[in-house]
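Novice: In the working numbering, the protein residues as written are 3 to 314. Think of the CB as a built atom: it goes at the ideal place given N, C-alpha and C, for glycine as much as any other residue.
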Amino acid sequence: MELTFTQAAKGVNKEIVVNINDSCERCGGRGNEPGTKAQHCHYCNGTGMETINKGPFVMRSTCRRCGGRGSIITTPCVVCRGTGQTKQRKTVMVPVPAGVEDGQTVRMPVGKKEIFITFRVQKSSVFRRNGADIHSDLLISVAQAVLGGTARCQGLYETINITIPPGIQPDQRIRMSGKGIPKVNSYGYGDHYIHIKIKVPQRLTDRQRALMMSYAEDERDVDGTVNGVTNTASGGLGELLLLPWGGGVGGHNVSWGLGGQRKVSRGDCWTACQHNLPSIYFEISFSEMLMGCGTKPLPREHCSDSHWAKSV
Numbered sequence: 003m004e005l006t007f008t009q010a011a012k013g014v015n016k017e018i019v020v021n022i023n024d025s026c027e028r029c030g031g032r033g034n035e036p037g038t039k040a041q042h043c044h045y046c047n048g049t050g051m052e053t054i055n056k057g058p059f060v061m062r063s064t065c066r067r068c069g070g071r072g073s074i075i076t077t078p079c080v081v082c083r084g085t086g087q088t089k090q091r092k093t094v095m096v097p098v099p100a101g102v103e104d105g106q107t108v109r110m111p112v113g114k115k116e117i118f119i120t121f122r123v124q125k126s127s128v129f130r131r132n133g134a135d136i137h138s139d140l141l142i143s144v145a146q147a148v149l150g151g152t153a154r155c156q157g158l159y160e161t162i163n164i165t166i167p168p169g170i171q172p173d174q175r176i177r178m179s180g181k182g183i184p185k186v187n188s189y190g191y192g193d194h195y196i197h198i199k200i201k202v203p204q205r206l207t208d209r210q211r212a213l214m215m216s217y218a219e220d221e222r223d224v225d226g227t228v229n230g231v232t233n234t235a236s237g238g239l240g241e242l243l244l245l246p247w248g249g250g251v252g253g254h255n256v257s258w259g260l261g262g263q264r265k266v267s268r269g270d271c272w273t274a275c276q277h278n279l280p281s282i283y284f285e286i287s288f289s290e291m292l293m294g295c296g297t298k299p300l301p302r303e304h305c306s307d308s309h310w311a312k313s314v
């Protein structure tokens, strides 16, 4: 019997069609034509067993005349020809217990016969099974992995709300107790283990790339290099030169505090080494200085010395 993963895990009532040899519906399994009677076997005296004497030995065996019936059919049934059985096609409702496994076989009575049913469980695109426990993957963003948050995961019985702790690692498991498959030979349920997978973006906006480059410059425990990143000796962005005039182009934000106090957001600036410049230059107005703006680096030779604002 073919079952889906969910049907095998939860249990289901499923119909199957079987071909079995069962009692003849015309004669009721007696073998003689309805309205007639079978004759008493005088050879075995109706016992179905005959006694054979061989010298000092006495043996009993099945009656050779009536075949062990104890009676002789003189008018056999026209359907079963006196056998009392016919091959029949029946629809049977099979109560599949929750937690059955692939290849498991159960025995079930059908009429006066018994049939053996072997289950074939299809694989799931979401879940993997290990006994009563199930495993699945949850794809989260880089921001969720670093900062933590919440996510929704498909469970066996319902959608599960997952709390993601900050700093979770790839392939780290989150255990949902009692959310697995019913245990067949004992009480209770297995567990649902959720394996964390982190989705790495293939395309970044200019702002996202600037933030990632800045983050890469702050990293210290890196075995190897990061494309496009050159850390300064002090580990920072290097020298930043700002101009309190002009306009700005979105993509690189600089934050300022009230009273003209400069607060350059490290994650929103581009380093000079990316543009082969000795420093970074920004054109901003006074209002942009207070409210924040989008700016674009300019070459050093395009700026007047009287308008440089330097922040190291």
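Do Ala40 and Ile74 count as a contact pair if the criterion is CB distance below 8 angstroms?
Specialist: Translated into positions along the sequence shown, residue 74 becomes position 72. Translated into positions along the sequence shown, residue 40 becomes position 38. Yes, they are a contact pair.
Novice: Consult DSSP for Gln156 and reduce its assignment to one of helix, strand or coil.
Specialist: Position 154 of the sequence shown, counted from the first residue, corresponds to residue 156. Strand, per DSSP.
Novice: Flag this pair as yes or no: are the beta carbons of Ile166 and Gly150 separated by less than 8 angstroms?
Specialist: Indexing the sequence shown from 1 puts residue 166 at position 164. Indexing the sequence shown from 1 puts residue 150 at position 148. Going by C-beta atoms, Ile166 is nearer than 8 angstroms to Gly150.
Novice: Would you give the residue range spanned by the alpha helix (DSSP H) that Tyr217 belongs to?
Specialist: Taking the first residue of the sequence shown as 1, we reach residue 217 at position 215. Where Tyr217 is concerned, the enclosing alpha helix (DSSP H) stretches over Asp208 to Asp220.
Novice: With burial defined as no fewer than 16 other Cβ atoms inside 10 Å of the residue's Cβ, what is the status of Gly192: buried or exposed?
Specialist: To locate residue 192, count along the sequence shown from 1; it is residue 190. Classification for Gly192: buried.
Novice: Determine the extent of the alpha helix (DSSP H) in which Val320 is found, giving its start and end residues.
Specialist: The structure shown does not extend to residue 320, since the chain is modelled only from 3 to 314, so the question has no answer here.
Novice: How about Gly31 and Gly86: are their beta carbons less than 8 angstroms apart?
Specialist: Here residue 31 refers to the residue found at position 29 when the sequence shown is read from its first residue. Here residue 86 refers to the residue found at position 84 when the sequence shown is read from its first residue. Their beta carbons are under 8 angstroms apart, which means Gly31 touches Gly86 by this criterion.
Novice: For Gly48, does the count of other Cβ atoms within 10 angstroms reach 16, so buried, or fall short, so exposed?
Specialist: Along the sequence shown, one-based indexing puts residue 48 at 46. Classification for Gly48: exposed.
Novice: Identify, in the order they occur along the chain, each residue of the same chain with its Cβ nearer than 8 angstroms to the Cβ of Lys16, setting aside the five sequence neighbours on each side.
Specialist: Taking the sequence shown and counting its residues from 1, one reaches residue 16 at position 14. Cβ neighbours of Lys16 beyond the five flanking positions: Met3, Leu5, Gln9, Met95, Val96 and Val98.
Novice: Can you list, in chain order, the residues of its chain with a C-beta nearer than 7 angstroms to that of His42? Leave out the 5 residues immediately preceding and following it.
Specialist: Here residue 42 refers to the residue found at position 40 of the sequence shown. Only Gly48 and Ser73 meet the Cβ criterion.
Novice: Could you tell me the distance, in whole angstroms, from the CA atom of Ile142 to the CA atom of Leu158?
Specialist: Counting from one through the sequence shown, the residue named residue 142 turns up at place 140. Counting from one through the sequence shown, the residue named residue 158 turns up at place 156. Approximately 20 angstroms, taken between the alpha carbons.
Novice: What first and last residue would you give for the beta strand (DSSP E) that runs through Lys185?
Specialist: Residue 185 sits at position 183 when you count from the first residue of the sequence shown. Segment: none, Lys185 is in no beta strand (DSSP E) and carries neither H nor E.
Novice: Quick one: what's got a C-beta closer than 8 angstroms to Lys199's C-beta in the same chain, skipping five residues either side?
Specialist: By 1-based counting over the sequence shown, the position of residue 199 is 197. Here the set comprises Asp139, Leu140, Leu141, Ile142, Pro172 and Asp173.
Novice: What three-state label does DSSP hand Gln174 in the structure shown?
Specialist: Counted from its first residue, the sequence shown places residue 174 at position 172. Gln174: coil per DSSP, three-state reduction.
Novice: Use the C-beta contact count for Leu182: other C-beta atoms within 10 angstroms, 16 or more gives buried, fewer gives exposed.
Specialist: By 1-based counting over the sequence shown, the position of residue 182 is 180. Sequence inspection shows Gly at residue 182; the Leu mentioned does not correspond to that position. With 16 or more Cβ atoms within 10 Å of its Cβ, Gly182 is classed as buried.
Novice: Can you have a look at His44 and say buried or exposed, based on whether 16 or more other CB atoms are within 10 angstroms of its CB?
Specialist: Residue 44 sits at position 42 when you count from the first residue of the sequence shown. Exposed: under 16 other Cβ atoms inside 10 Å.
Novice: Taking DSSP as the reference, what is the three-state secondary structure of Phe59?
Specialist: The count along the sequence shown starts at 1 and reaches residue 59 at position 57. Three-state result, Phe59: strand.
Novice: When the Cα of Ala153 is compared with those of Ile164, Glu160, Ala147 and Val144, which residue comes out closest?
Specialist: Along the sequence shown, read from residue 1 onward, the residue named residue 153 stands at position 151. Checked all of Ile164, Glu160, Ala147 and Val144; the closest Cα to Ala153 is Ile164.
Novice: Does the ligand HEM have even one heavy atom less than 7 angstroms from the beta-carbon of Tyr217?
Specialist: This structure does not include the ligand HEM; it has no bound ligands of any sort.
Novice: If we require 3 or more residues per run, which beta strand (DSSP E) segments fall completely within the stretch 13-69?
Specialist: Within the stretch 13-69, the complete beta strand (DSSP E) runs of at least 3 residues are 14-25, 51-56 and 59-64.
Novice: Give every residue of the same chain whose Cβ lies closer than 6 angstroms to the Cβ of Val186, excluding the five residues on either side of it in the sequence, and list them in chain order.
Specialist: In the sequence shown, counting from the first residue as 1, residue 186 sits at position 184. The residues are Gly101.
Novice: Does the separation of the CB atoms of Ser188 and Lys114 fall below 8 angstroms?
Specialist: For the purposes of this step, residue 188 is taken as the residue at position 186 of the sequence shown. For the purposes of this step, residue 114 is taken as the residue at position 112 of the sequence shown. No, the pair does not count as a contact, with Cβ atoms beyond the cut-off.
Novice: Just checking my contact of Val123 with Asp135 at CB under 8 angstroms: how many whole Å lie between their CB atoms?
Specialist: If you number the sequence shown from 1, residue 123 lands on position 121. If you number the sequence shown from 1, residue 135 lands on position 133. Not confirmed; about 15 angstroms, so no contact.
Novice: Using the C-alpha atoms, what's the distance from Cys79 back to Arg66?
Specialist: Looking up residue 66 in the sequence shown gives position 64. Looking up residue 79 in the sequence shown gives position 77. Between Arg66 and Cys79, the C-alpha separation is close to 21 angstroms.
Novice: Just mark Asn278 as buried or exposed, buried being the case when its beta carbon has 16 or more other beta carbons within 10 Å.
Specialist: Start at 1 with the first residue of the sequence shown, and residue 278 comes out as number 276. Note that Asn278 scores 42 on pLDDT, short of 50, meaning its location in the model is unreliable; the coordinates nonetheless yield the value given after this. Asn278 comes out exposed.
Novice: Excluding the 5 residues preceding and the 5 following Ile170 in the sequence, name in chain order all residues of the same chain whose CB lies nearer than 7 angstroms to its CB.
Specialist: Reading the sequence shown from its first residue, position 168 is the one you call residue 170. Correct list, in chain order: Ala147 and Ile198.
Novice: The beta strand (DSSP E) spanning Asn355 covers which residue range?
Specialist: Since the first residue shown for the chain is 3 and the last is 314, residue 355 is missing from the structure and cannot be characterised.
Novice: In angstroms, rounded to a whole number, what distance separates the CA positions of His194 and His137?
Specialist: On the sequence shown, residue 194 is found 192 positions in, with the first residue counted as 1. On the sequence shown, residue 137 is found 135 positions in, with the first residue counted as 1. Cα to Cα, the separation comes out at about 6 angstroms.
Novice: Could you name the residues that DSSP lists as bridge partners for Lys201?
Specialist: Locating residue 201 in the sequence shown gives position 199, where the first residue counts as 1. Note: Lys201 sits in a beta bridge opposite Ser143.
Novice: Give every residue of the same chain whose Cβ lies closer than 6 angstroms to the Cβ of Thr64, excluding the five residues on either side of it in the sequence, and list them in chain order.
Specialist: Taking the first residue of the sequence shown as position 1, residue 64 is located at position 62. Cβ within range, chain order: Gly70.
Novice: Which residue marks the beginning of the beta strand (DSSP E) containing Gln90, and which one marks its end?
Specialist: The count along the sequence shown starts at 1 and reaches residue 90 at position 88. Here the beta strand (DSSP E) through Gln90 covers Gln87 to Val98.
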